[in-house]
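Notes follow the structure.
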Amino acid sequence: MKRIDLFLSERELNRVCRTITAAGAKGYSVMRHVTGMGPSGEISEAMDFSGLGANAHVIVFVEDELLGAVGTALRPLLKRYGGVGFVSSAEPL
801 MKRIDLFLSE
811 RELNRVCRTI
821 TAAGAKGYSV
831 MRHVTGMGPS
841 GEISEAMDFS
851 GLGANAHVIV
861 FVEDELLGAV
871 GTALRPLLKR
881 YGGVGFVSSA
891 EPL
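Read in order, the letters of the sequence shown correspond to residues 801 to 893 in our numbering.
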């Protein structure tokens, strides 16, 4: 099983979630208003009020066989709208 962690603008959240579902993933979890520091600089809650938007963290668990389809569907969105994705191995408890 694989875990996909996505960090992206909340403005693109609906589009990304629809893409995840269309690619065959059975579900995902979303955390809104994610703040922190990355290569592009700091993301803070104040940015939400400035109109620049806040970030979201989306977590998706998929079987290994489905990773290729989900990744292929998400890569163009992350490239066009910004955001990053990471894949790691996961094991149910």
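Glycine is no exception: its CB is placed at the ideal position from the N, C-alpha and C atoms.
Where the beta strand (DSSP E) through Arg880 begins and ends
Where Arg880 is concerned, there is no enclosing beta strand (DSSP E), although the alpha helix (DSSP H) it sits in stretches over 864-881.
Within-8 Å CB hit, Arg803 to chain C
This model lacks chain C altogether; it includes just one protein chain.
So for Leu813, helix, strand or coil by DSSP?
helix
Distance between Leu808 and Leu866 (C-alpha atoms, nearest Å)
21 Å
Count the other CB atoms, across all protein chains shown, that sit within 10 Å of the CB of Leu893; report buried if there are 16 or more and exposed otherwise.
exposed
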